[in-house]
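Number of protein chains: 2
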Amino acid sequence: MKTVHVGLLGFGTVGAGVARILTESANLLAARTGVALNLKYVADIDLETDRGVPLADGVLIPDAKRVVEDPEVDIILEMIGGEGIAKELMLQAIGNGKAVVTANKALLAKHGAEIFQAADARGVDLAFEASVGGCMPVIKSLRESLVGNRINGMSGILNGTCNYILSRITDEGLSFKAALAQAQEAGFAEADPTLDVEGFDTAHKLAIVTALAYGTTVDFDDIFIEGISSITPLDIDFARQFGYRIKLLAISKNHGDRVEARVHPTMLPEDNLLSTISGSLNAFSISGDAVGDVMLYGHGAGMMPTASAVVGDIVDIARNMQACQPRRVPPLSYQPERIGRLPVVPMEEISTHYYFRFMAKDQPGVLSKISGILGDNRISIQSVNQKGRKSNGAVPVVMMTHEAREADVRQAMRAIEALDVVDGTPMLIRIEETNNAD
Amino acid sequence: MKTVHVGLLGFGTVGAGVARILTESANLLAARTGVALNLKYVADIDLETDRGVPLADGVLIPDAKRVVEDPEVDIILEMIGGEGIAKELMLQAIGNGKAVVTANKALLAKHGAEIFQAADARGVDLAFEASVGGCMPVIKSLRESLVGNRINGMSGILNGTCNYILSRITDEGLSFKAALAQAQEAGFAEADPTLDVEGFDTAHKLAIVTALAYGTTVDFDDIFIEGISSITPLDIDFARQFGYRIKLLAISKNHGDRVEARVHPTMLPEDNLLSTISGSLNAFSISGDAVGDVMLYGHGAGMMPTASAVVGDIVDIARNMQACQPRRVPPLSYQPERIGRLPVVPMEEISTHYYFRFMAKDQPGVLSKISGILGDNRISIQSVNQKGRKSNGAVPVVMMTHEAREADVRQAMRAIEALDVVDGTPMLIRIEETNNAD
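Sequences listed follow chains Y and F, in order. As numbered in our numbering, residues -7 to 430 make up the first sequence, in order. As numbered in our numbering, residues -7 to 430 make up the second sequence, in order.
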């Protein structure tokens, strides 16, 4: 039986999960693959903490460089995270002709061009299933199962922290702050939750799948990103009255010559399957010209689900090594020379339906002023909900629009915000009825 | 660019879909794979009907034998269906060293042992993603993405006809007969619907995934099969009152030394994601020790979704051929010599929760008689719902049980059916709270 030697960099949560599967499930893996996977090194500066995974003497070492330099090591698992030393070690490993498996979406989304080019040039495998949607086979589905499809669009819930927080606001009427505190207590949110709640993590994943789906390079800065921190129980309640749920979605659409790629809180019809995904779970829907819609659902993060995806990648690469066929499937789904550059549609040019909430003085003529401005900006109202009268203070005026252009909407919002009879900044939530491109 | 020659047997619905993708998406496929796929032959006895897929002169021929004998043909697509000529041609193709792609679940479920053995002996690829769940990557997930997992259990909706009919009964209160007639009119059911509504089609698929998931041979006759033809709107209504939906499920559980494999109408909690799958859609949930639950969802049948899965298989095999690495992934997920034989637990030994409905005479003491018999058979009642009094005739008595053994339940049902105060055959529906094994 061929032995493939694996070097793990980073003995944190996911790294420990991978080490556990490779050691505890060695027999199962051999029965399926016919290959022996040998975890030769685990490199981590912390040699003391017990991760609950017994390793043979000499496996755990402090020196990551030694792992990427060892000629016997075939596959490097980059489980360090971040964009500094992780990138450096990854490029060194690639330079030494080693295949690399990573879950580092931030690194791939921001420095993917350099890393993929290095892997192309050296002819080594670079696998990253765990970078998007944890255990869900998003990458493999795009690269392999759906290979016969033109991908028309994708949408999904790709951040468990946000989905947990939105579920808490929805189910318990909590404020964003209180729901975040709960999420932190339950271990679903970091002490500094910015990366998650402001949508960046979701956008990292969206950048990766957009590239894979359409065979295009994606500049991360072209992705529109809006997080969930301004979502209130009031908006969630109105959404429900209109038959909608609010989710932080990654949305991508293929217009042939351009693509959409955006992350924002989104109102979805309550009978859309994505609406039913609650708690920290993830779901991802892919729309192809042959398959229609396919959805994947599961744990998008966590020690063992993520480790499962990493092991799937290791096995794929080990199987390639058996036949000396690296890059059997091109890392970015298209042959490198066939990857183009489809521009991302600027957000101002997006057309969609909108939900608006204005806090308006409860006096005659307010609605007429607001709807006048909307009409002047070519925004047509589908329904209005003006809450009961209050003796003083502002009352919410809620509207759903027909399809409108983002540029028009922004202009209208500025004009409405400037009205004397409107308090504060208007709330705007985009509505998604389908994930198909036109 | 390497050219892989494909021979299609059967120019029916799915065959035409495959031919369409191979011709219309040739450029896309080449951009992704770096391989040219050439549809060299399409064999069908009907040379006249226009399938809307233009083929070059000489491609459409009446003689399937010529296709499997042509030394230039690398991959045979068996899209004929049935167990006669399809099997014969498949074995001939394998004998001639050709890889085979099929969607023929009945053939694989019943004659799989012979076919897989032939492919093993000749060392050729045999791919069948389209046989289970249409476009959902069920097979690929089990064989590749989840390779690092011990699979604990699986459950799913794998027959669109049944799900369509159950949805109609649920949504419109139709009888089974009326719902079936609607399904036939809408093109979701065959003129002879037996294979679908009596659960056989679902069981064919379950046989295949059970083998793949646990590395075991499965004797199709060991699978317990109960269809949906006796489900009434009354039961669906009671299920709803208890917070459940009724679905035809394929259920499989891994007990280590034995496996469960059964198909029957199942009551699922309404917040289980499988409960929300309506119409002709399919969904399949896989539970692994590392991933937890992963669910796939999409079109389980239909021309293009099925064709998409076939094309995914063709590309997989073509990639193997590029590297002269056939059987890169073993067809049955485990190395042939590692496939064992885990017995299927006899249905009588299954333990689960049950729903019973008895049509009882509305007179004192009935409930005590029924519950006495249940108690004598070690069946403990969780809740009872006895419908309002009627002046004459029978009233439904509905019960939900704690976990009970099937053998005990069957014995109790016989005794209760024999009671004077009970009309007709008691209704029994099994309840599933989770898809995990113990």
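The C-beta atom is built at its ideal place from N, Cα and C for all residues, glycine as well.
Check: Please tell me whether residue 69 of chain Y and residue -2 of chain Y are closer than 8 Å, where the distance is taken between their beta carbons.; Outcome: yes
Check: As an exercise, report each continuous alpha helix (DSSP H) stretch of at least 4 residues that is fully enclosed by the segment 306 to 393 of chain Y, in chain order.; Outcome: 358 to 368
Check: Hey, quick one: how far does the alpha helix (DSSP H) through residue 9 of chain Y stretch, first residue to last?; Outcome: 5 to 16
Check: Kindly indicate if chain F contains any beta-carbon less than 8 Å away from that of residue 139 of chain Y.; Outcome: yes
Check: Which of the three DSSP states is assigned to residue 430 of chain Y in this structure?; Outcome: Low per-residue confidence applies at residue 430 of chain Y: pLDDT is 38, beneath 50, and the placement is therefore not dependable enough to give any value.
Check: Is there a Cβ from chain Y that is less than 8 Å from the Cβ of residue 307 of chain F?; Outcome: yes
Check: Tell me the DSSP secondary structure of residue 216 of chain Y in three-state form.; Outcome: strand
Check: According to the neighbour-count rule (16 or more other Cβ atoms, all chains shown, within 10 Å of its Cβ), is residue 394 of chain F buried or exposed?; Outcome: exposed
Check: Taking DSSP as the reference, what is the three-state secondary structure of residue 45 of chain F?; Outcome: coil
Check: Output yes or no for whether 8 Å exceeds the beta carbon distance between residue 299 of chain Y and residue 299 of chain F.; Outcome: no
Check: Counting only runs of 4+ residues fully inside the segment 118 to 198 of chain Y, write out the alpha helix (DSSP H) ranges in chain order.; Outcome: 152 to 164, 168 to 177, 186 to 189
Check: Just how far apart, CA to CA, sit residue 433 of chain Y and residue 61 of chain Y?; Outcome: With chain Y represented from -7 up to 430, any question about residue 433 of chain Y goes unanswered, as that position is not in the structure.
Check: In terms of DSSP beta bridges, what is residue 242 of chain Y paired with?; Outcome: Y/148, Y/255
Check: Under 8 Å, do residue 350 of chain F and residue 414 of chain F count as touching if we go by C-beta distance?; Outcome: yes
Check: State yes or no: is the beta carbon of residue 164 of chain Y nearer than 8 Å to at least one beta carbon in chain F?; Outcome: no
Check: Checking the sheet assignment: what are the DSSP bridge partners for residue 270 of chain F?; Outcome: Answer by DSSP bridge pairing: none, since residue 270 of chain F is not bridged.
Check: Please go through the same chain and pick out, in chain order, the residues whose beta-carbon is closer than 6 Å to the beta-carbon of residue 369 of chain F, but skip the five residues on each side of it.; Outcome: 400, 403, 404
Check: Quick test of your reading: residue 92 of chain Y and residue 118 of chain Y, contact by CB under 8 Å. State the CB separation rounded to the nearest angstrom.; Outcome: 5 Å
Check: Excluding the 5 residues preceding and the 5 following residue 325 of chain F in the sequence, name in chain order all residues of the same chain whose CB lies nearer than 7 Å to its CB.; Outcome: 134, 135, 204, 207
Check: Give the list of continuous beta strand (DSSP E) stretches no shorter than 3 residues that lie fully inside the segment 48 to 90 of chain Y.; Outcome: 67 to 70
Check: Residue 291 of chain F touches chain Y at which residues, Cβ-Cβ below 9 Å?; Outcome: 283, 284, 285, 286
Check: Kindly say whether residue 336 of chain F, judged by its beta-carbon, lies nearer than 8 Å to any beta-carbon of chain Y.; Outcome: no
Check: Between residue 25 of chain F and chain Y, is there a C-beta pair that is closer than 8 Å?; Outcome: yes
Check: Scan the segment 67 to 92 of chain F for residues whose Cβ lies nearer than 9 Å to a Cβ of chain Y and list them as they occur along the chain.; Outcome: none
Check: Going by Cα to Cα distance, which pick from F/280, F/275, F/89 is closest to residue 285 of chain Y?; Outcome: F/275
Check: Measuring alpha carbon to alpha carbon, tell me which residue in Y/271, Y/90, Y/30 is nearest residue -7 of chain Y.; Outcome: Y/30
Check: What in chain A is Cβ-close to residue 315 of chain F, meaning under 7 Å?; Outcome: Annotation note: the requested chain A is absent from the structure, which comprises protein chains Y and F.
Check: Give the secondary structure of residue 264 of chain F by DSSP, where H, G and I count as helix, E and B as strand, and everything else as coil.; Outcome: coil
Check: Following a CB-centred definition, is residue 247 of chain F positioned closer than 7 Å to any heavy atom of the ligand SAM?; Outcome: The ligand SAM is not part of the structure shown, which contains no ligands of any sort.
Check: How far does the beta strand (DSSP E) with residue 288 of chain F in it extend, from its first residue to its last?; Outcome: 284 to 291
Check: Measure the beta-carbon distance from residue 87 of chain F to residue 114 of chain F and round it to whole angstroms, keeping in mind my assumption that it falls under 8 Å.; Outcome: 7 Å
Check: Pop quiz: residue 387 of chain F and residue 352 of chain F are said to be a contact at Cβ under 8 Å. What is the actual Cβ separation, rounded to whole angstroms?; Outcome: 6 Å
Check: Which residue comes first and which comes last in the alpha helix (DSSP H) that contains residue 100 of chain Y?; Outcome: 97 to 114
Check: Any idea if residue 408 of chain F is buried or exposed, counting beta-carbon neighbours within 10 angstroms, 16 or more meaning buried?; Outcome: buried
Check: Whose C-alpha, out of Y/171, Y/261, Y/251, Y/156, is nearest the C-alpha of residue 392 of chain Y?; Outcome: Y/261
Check: Is the CB of residue 0 of chain Y under 8 Å away from at least one CB in chain F?; Outcome: no
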